[in-house]
Amino acid sequence: MSLSDDLLAELFAADTLIIAAGMINFGIPSGLKAYVDYVVRPGVTFRYANNAPEGLVRGKKVYLVVARGGIYSRGAMEAFNFQDTYLKAILGFMGITDVEVIAMEGIGFGPDAAETAVTTALARVDAIAP
1 MSLSDDLLAE
11 LFAADTLIIA
21 AGMINFGIPS
31 GLKAYVDYVV
41 RPGVTFRYAN
51 NAPEGLVRGK
61 KVYLVVARGG
71 IYSRGAMEAF
81 NFQDTYLKAI
91 LGFMGITDVE
101 VIAMEGIGFG
111 PDAAETAVTT
121 ALARVDAIAP
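Written out as C-alpha cells, the structure is:
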C-alpha cells in the first residue's frame with residue numbers, strides 16, 4: 001500500500017482532525033503541503049460532477065491550530081495569510097467545511113506577547129473541550 005493510501009485510510013477513519021502548523025513565509029510548512037498533496041486525490045477525496053468539483057470527504061470536524069510571529073488575522077497583514085486560508089480552502093475542496101481556527105498570533109513580538117498568545121489559545125481549547 002502506498003503512503004497516500006495509508007494517509008487516506010487514516011483521514012477517512014477519523015471523525016475529528018487536528019492540524020497544527022506554524023506559519024512559514026506566509027503559508028504552511030512543506031511537510032504539511034506534502035501531506036495535502038498525498039490526500040487530495042481525484043476520485044477519492046474529490047471529483048468533478050456537472051463541470052464543478054465536489055468534495056467526497058464528509059462528516060469531519062477540523063481544528064486548525066496555527067502559530068504566527070505577527071498578526072495576520074486582521075489589519076494590514078491579513079492579505080498575507082495564506083496559512084489557514086489555504087487550509088480551509090483545500091479542506092473545503094475535499095468536502096470538509098466544519099473547520100475551527102485556533103490562532104496564536106504575535107508570538108514574535110517578545111516573551112510577553114508570546115505568553116498572551118498561548119494563554120489565549122489555551123483558553124479557546126478549554127472552551128472546546130473542558
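For the sequence shown, position 55 matches number 55 in this note's numbering, and the numbering has no gaps at all.
Even glycine gets a Cβ: it sits at the ideal position worked out from N, Cα and C.
Cβ-Cβ distances below 6 angstroms link residue 100 to 63 in the same chain, with the five nearest sequence neighbours on each side left out; the list follows chain order. At the C-beta level, residue 39 and residue 45 come within 8 angstroms of one another.
Under the Cβ criterion (8 angstroms, minimum of three pairs), the segment 91-100 counts as touching the segment 59-75. Uninterrupted beta strand (DSSP E) stretches at least 3 residues long and entirely within the segment 57-116 occur at 61-67, 98-104, given in chain order. Bounds of the beta strand (DSSP E) holding residue 21 are 16-22.
Counting along the chain, the unbroken beta strand (DSSP E) around residue 55 starts and ends at 52-55. Below 8 angstroms, too few C-beta pairs join the segment 74-83 and the segment 110-122 to call them touching: fewer than three.
By the neighbour-count definition (other C-beta atoms within 10 Å, threshold 16), residue 123 is an exposed residue.
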